[in-house]
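Residues 14 to 257 in my numbering are what the sequence shown spells out, letter by letter. In what follows, a single structure is set out as structure tokens and then discussed.
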Amino acid sequence: MKRIVVALFALLPALTFAAGGNVHLDEANYDLTDKASLQNGAKLFMNYCSGCHSTQYQRYNRVAEDLGIPEDVMQANLNFTGVAIGDLMENAIPESDAANWFGAAPPDLTLVARVRGADWLYTYLRSFYKDDSRPFGVNNLVFPSVGMPHVLEPLQGTARLETETHTVDGVEVVTPVGIQTDGNGELTTAEYDQAVLDIVNFLVYSGEPVKLERQRLGYWVLGFLAIFFVIAYLLKKEYWRDVH
Numbered sequence: 014m015k016r017i018v019v020a021l022f023a024l025l026p027a028l029t030f031a032a033g034g035n036v037h038l039d040e041a042n043y044d045l046t047d048k049a050s051l052q053n054g055a056k057l058f059m060n061y062c063s064g065c066h067s068t069q070y071q072r073y074n075r076v077a078e079d080l081g082i083p084e085d086v087m088q089a090n091l092n093f094t095g096v097a098i099g100d101l102m103e104n105a106i107p108e109s110d111a112a113n114w115f116g117a118a119p120p121d122l123t124l125v126a127r128v129r130g131a132d133w134l135y136t137y138l139r140s141f142y143k144d145d146s147r148p149f150g151v152n153n154l155v156f157p158s159v160g161m162p163h164v165l166e167p168l169q170g171t172a173r174l175e176t177e178t179h180t181v182d183g184v185e186v187v188t189p190v191g192i193q194t195d196g197n198g199e200l201t202t203a204e205y206d207q208a209v210l211d212i213v214n215f216l217v218y219s220g221e222p223v224k225l226e227r228q229r230l231g232y233w234v235l236g237f238l239a240i241f242f243v244i245a246y247l248l249k250k251e252y253w254r255d256v257h
């Protein structure tokens, strides 16, 4: 019993980390078979996110092969550090400098989709809003007091927090109800949501590049076990036929 209690307490930080508070998480309907989405997600990630965040457990050539991107295109358009095509996808910022500039070194995002969840990422990237009290001028509904700028703001436009006020026991309570953009971004709301979904799709792939292959092999394994079960059952009947 004591071990069970200890295990539950050990899991609490991970569960809290993944939950992201009490904000409703929108469903991320990503599709790992959609190569166009994955390619666009890789392009957006490398152009807007990789300046600070690395995916250092991936290699450029493996991503290019999996996503159907020619290696010369990968090198020319998605590799901004000048390393070889077979090298790891690290960023160019020294960790000590990044920690000094941002207060903490930006985390590697290779496994972020497995840690946070696709729905959390999808909602988080669509929940930044203008907040002049913060160091970078923005805050986030999913991650309050966020310590990073809204790097996708040129695409989304200036986002502002919408609130509603109601009275509880004679006290006025202000509740956030959503995000509204000023319409000055490069993309419409629907286009921005799709762009974020493409990034999430890429990060889900990054967290487990062999997921589709694993699932495909799983069907073969289950089929083999089903056939083996029938053979084993018939052998058992044959061996025990004369046993009384």
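Cβ coordinates follow ideal geometry from the N, Cα and C atoms, glycine included.
Item                                                                                                             : Value
Spatial distance of residue 8 from residue 205 (CA atoms)                                                        : As shown, the chain starts at 14 and ends at 257. That puts residue 8 outside it, with no answer to give.
Sub-8 Å separation of residue 73 and residue 92 beta-carbons                                                     : yes
Limits of the unbroken alpha helix (DSSP H) element including residue 96                                         : Run containing residue 96: none; DSSP gives neither H nor E here.
Check whether residue 105 and residue 123 have beta carbons under 8 Å apart                                      : no
CA nearest to the CA of residue 195, picked from 133, 143, 117 and 254                                           : 143
Distance CB(residue 12)-CB(residue 121) smaller than 8 Å                                                         : Here the chain has residues from 14 to 257 only, and residue 12 is not among them.
Buried versus exposed call for residue 137 [16 or more other C-beta atoms within 10 Å across all chains shown]   : buried
Whole-number beta carbon distance between residue 177 and residue 164, since they are thought to touch under 8 Å : With a Cβ gap of about 29 Å, residue 164 and residue 177 do not count as contacting.
Start-to-end residues for the beta strand (DSSP E) that takes in residue 70                                      : 68–72
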